[in-house]
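Numbering of the sequence shown is given in the numbering used here, commencing with residue 204 and proceeding in unit increments.
Glycine included, every Cβ here is placed at the ideal spot set by N, Cα and C.
Input: a single structure, listed below in structure tokens.
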Amino acid sequence: MTATDQAALLRLARRRAGAGQDRTARPAAFQGEGPAPLSHAQQRMWLMDRLGQGGALYNVPLATRLRGPLDAEALAGALTALTARHTVLRTRYGQRDDQPYQEVGPTTAVPLPVVPATPAQAPELLAEEAARPFDLAAGPVLRALLLRHGPEDHTLLLTLHHIAVDGGSLPVLGADLAALYQAARTGGPAGLAEVETQYADYARWERARDAELTAAADRRAAALAGARGTALLRPVPPGARTRQAGLHTAPLTTATLDGLRRLGAEHGATLFAVVLAAAFATLRTATGEADLTLGCAGGHRARPELRRLVGLGVNTLPIRAELPGDPEFTEVLGLVRAALLDAQAHHDVPFDLILERLGAAARDADGNPLLAVSCDLIRPAEPLALPGLAAQAVEIDLGLAKFGLALLVEEGPQPRCLVQHDTAALDEPTAQRLLTGFAELLTAVAADPARRLGDLPGARLTGAVSDSTSDSASASVAEAEHPAVAALLADPRVAEAAVLTPEGGPALAYAVVRGPDAPSGLDLRTALRRRVPASSLPAAVTLVDALPRQADGSVDQARLPGAGAAPAGGSEPLDTVRAAFGELLGTTPQPDGDFFALGGHSLVAVQLAERLRIRTGLPLTGLDVLEQRTPRALAGLLDARAAERRAAPGRPSDAGRRPARAGTVLLTGATGGVGAAVLQELLAQGRPVRALARPESAHLLARQGVEVAEGDLADLDSLRRAVDGVDTVIHAACTFTEHATDVAAMRALLDGWQGGDFVFVGSIDAYGRPTAAEVAEGGPAEQPVSPYGQAKLDCERLLLEAVEAGRGRGAVVRSPIVWGPHRRLRDQLRWGSTGALYQAASAGEPLVLPAPAADGPDWYGASWVHSAALARAVTGCADGTGRASGRIVNAVTGHVSWPELAAELVRLLGSSSVIELRADADPELRRPWHYRADALADLLRPEPGEDWRSVLAAMVERRPS
């Protein structure tokens, strides 16, 4: 391709981009308040975090050695001003109704701890801080650390999460920080122009274009039809991965880099295009594959108003090129350059949408993504330059690999070639040989680009173990025994193994493991991939405590988890799993339908796991879905976990006897509807939790990473052990009917309370039946008070007396009826006033409501709170700030009249019931009270999906029988 051809392609790309801008409103036009959707790039980051594949992988550390008179106070003020200026730096990421959202928080001071450290101590301190994970749900996404080596010698480390920034954001942040630091130091204005577009507005704008982007993704997916990942990399099934990086480097001379630039100029290509062509050529030789697809980073900053946008504005571009025969390198460059320009012309098409369109074709047999290899042209990090200081960049390598393999060239005064790889996907010797071939090829084509691939440096490399190797490894296995059994037993950590082969479905393997370093089911299946033929690879390996056996000692296959999950016959939990698949994927699959082939992807995996957790009460994660893949295998896993849970009472527990982690929160009632919501909020905030639970419920909580203290409210010794050593107590449990037990439990918890925050979840029943229709927070109780309300009052009194005595900070949060999707909260449709209305509507009977009296109130109804809002309120009173300490506050989302509620129940149930207003209605329905909830109003503000109609619909969806 000539330079003229190149220019024509560039003009075409610009015309396409310009046409898109003409059709689309400016991002600034989408300004809004409150929660916003995530951009596609952000959603990918959020999913990685939810799937346990985040950790420090997407941390962005910026370290700078600063010499000179540094004003630490001015720097702290400048960092706070930076977060005020760019709202994405103070944004948190939550989830409602199966969908993630982002919400900007208030501007708060950015802590800048100053730690004395010698230059020799600095690398370890910097690496430790840079690798510390972020909590995206709680924030913040920016951390700062200042190491003080001497009076005028410091190292500043800023660590950000990639969900908030990209490479294009860093120069903007650096320049703004310098201006804000100068202003803080001198007291003058920063002189910065107003930020035109905040990132949340950009995300709204991008999501408004989803229909257009989806259509474009269909076209891009068609161009990738038939593409495959490289066989050079070992299969790494989805699951928890360390992503430990191996890094190999080789120097390049400046003459080589200059030669590559000249080559690009002669052929109308950038230096990056030349490097990308060299990467394709290297892999073509190493794998023997002519049809290759590599990934590179693309940007969303073509529009002028987005060039100074701070946020995640990058997209992964799949570059597919076919290099048949033995072409000259210049021909390779032309083919790769054309493919690159075509991809860049569609830079705004989110890669995750393309993957969704590709479905199962985007992954290999083990679920690995199509793009496991990337290429990039990088530059040395720039320091954060602050006025009056000499700045020097400090390199921090987190030692983690985002891709299975990355081929890189670094510009700068000391150019070099780099190969980074996931050590689980590629071994060190192969990576070193690949680096050697890449570096030598770059040097060779810089000197003579007309050489053919067959004449260039490089060699065919051995990748993953082939099926033929596995065939020979298992050739000695007896025909009567499944080859996976022998392969599993070859691992010394496996004590027993069995394979179940359902009729018409894939095999399911089971293993009993032993030893302190016992493998997971995912580890064992990964090993099997290299030891048995693909045709014999089980769909999953499930760990069990023991294999069920018949009287003769043989394995009782009928009692293996999942054995009952046959294709027909109404089995549980297979039917539950298949139904959930169908709801999210649009079609109910066969028991052995593959998740990816059905159109599943990471977000659906997270949603499916959460739906099944709610319906089965068993622990399940998105990673489990990605590993098991079929309804049958997933049902088998749930069967195994149900069996483990049933066996839980026999397990001894040492919770409460080992020292608690710093900041630990003791939560009672964690398996109930309210406590479960509080638990999820605490986990989202990244707070360590110790949960009180009965032995039969302990397994469920432990699977969520929670420390379990086994016991209950009637076992006072278990309460004292549970509270020992914790920093915060949230008491959300009660018996409902045993007054003396509830009061004794409160006394036991207070006996062991050692200070900090203590929050008690009370009830508006403690107000009794007030005279006034509007009830102030903490107002006096008015008779009659129900026994349940009196028990709450007595517990409240004990806590407030302890607070008054100086024991610590304590608050009472009174709630009305709690509505939410948790199965325990759905059961409330059986109870009380709302339960009576629900049962009548279900039966088609009249709904009898109180008629307003001539001289009485003109409104009767229910006060209610959404479980998620209550959780925010409760944890907000336990955040160490002393909010509401010594007080009784209310947590109320809203009030709904009985006629409104009755009409909605009739609609949701399709009932024939009629609504009647009568004087002889149930006296319990005569509830005229509106409860003020001013103290916690900011925490109770409804988020999307927290209106009463939506939550009632969610509760009725799985109505109790």
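Asked	Found
Contact belief for R1173 with Y1063 at Cβ below 8 Å, rounded distance in angstroms	Lying outside 204 to 1164, the shown extent of the chain, residue 1173 is not represented and no answer is given.
Stretch pair the segment 530-542 + the segment 651-663: three plus CB contacts closer than 8 Å	yes
Touching by the beta-carbon criterion (3+ pairs, under 8 Å), the segment 976-992 and the segment 926-935	no
Own chain partners of A1074 with C-beta closer than 6 Å, once the 5 adjacent residues on each side are dropped	A880, V881, E884
Classification of V1117 by the beta-carbon crowding that lies within 10 angstroms, buried from 16 upward	exposed
Whole-number beta carbon distance between R410 and P240, since they are thought to touch under 8 Å	5 Å
Nearest-angstrom beta carbon gap, A325 and I599 [assumed within contact, 8 Å]	Going by Cβ atoms, the distance from I599 to A325 rounds to 10 Å, so no, they are not a contact pair.
For Q617, three-class secondary structure by DSSP	coil
Range of the contiguous alpha helix (DSSP H) that encloses G640	631-650
Three-state class that DSSP yields for C937 in the structure shown	coil
Enclosing beta strand (DSSP E) for G803 [first to last residue]	From DSSP, G803 is part of no beta strand (DSSP E); its letter is neither H nor E.
Local Cβ density within 10 Å of D827, reported as buried at 16 or more and exposed below that	buried
Nonlocal neighbours in the same chain, by C-beta distance under 6 Å from S150, ignoring five residues either side	Shown here, the chain extends from 204 to 1164; a query on residue 150 therefore has no answer.
Test item: CB-CB of C998 and D945 under 8 Å	yes
Cβ contact check for the segment 295-304 and the segment 336-353: 3 or more pairs under 8 Å	yes
The alpha helix (DSSP H) enclosing A780, as first and last residue numbers	Sequence check: residue 780 is Val here, not Ala. That run of the alpha helix (DSSP H) goes 777-788.
Euclidean distance between Cα positions of V809 and F784	12 Å
Extent of the continuous beta strand (DSSP E) to which V597 belongs	593-597
Helix, strand or coil at D578 according to DSSP, with G and I counted as helix	One point to set straight first is that residue 578 is Cys, not Asp, in the sequence displayed. The answer is strand: DSSP assigns C578 an E or B state.
Straight-line Cα distance separating V697 from T672	Confidence in T672 is poor, its pLDDT being 32 and thus under 50, which makes the residue's placement unreliable; the coordinate value appears in the next sentence. Taking the straight line from one Cα to the other gives about 22 Å.
Reduced DSSP category for V1159 - H, G, I as helix; E, B as strand; rest coil	helix
Integer Cβ distance of P1019 from V1068, believed to fall under 8 Å	6 Å
First through last residue of the beta strand (DSSP E) which encompasses P987	First-last for P987: undefined, no H or E at that position.
V1165 and L416 closer than 8 Å at C-beta	This structure leaves residue 1165 out entirely; the chain is present only between 204 and 1164.
8 Å contact criterion, which P314 and A347 should meet: CB distance rounded	7 Å
Environment of G471 [buried if 16+ CB atoms lie within 10 Å]	buried
Start-to-end residues for the beta strand (DSSP E) that takes in L360	356-364
Contacts around P586, its chain only, beta-carbon distance under 7 Å, and the 5 residues preceding and following it disregarded	T267, A594, Q595, A596
Alpha helix (DSSP H) segments (min. 4 residues) lying fully within the segment 346-432	372-389, 402-411, 413-426
For S1018: DSSP bridge partner residues	S966
Presumed contact (8 Å Cβ cut-off) between V807 and L823, rounded CB distance	Actually they do not touch by this definition, with Cβ atoms about 14 Å apart.
Cβ-based burial, P616 [other Cβ within 10 Å; buried from 16]	exposed
Nearest-angstrom Cα separation, counted from A259 out to A730	26 Å
Three-way DSSP call (helix, strand, coil) for R897 in this model	coil
Which of helix, strand or coil DSSP assigns to L1050	strand
Anticipated Cβ contact below 8 Å, E355 with R270, distance rounded	6 Å
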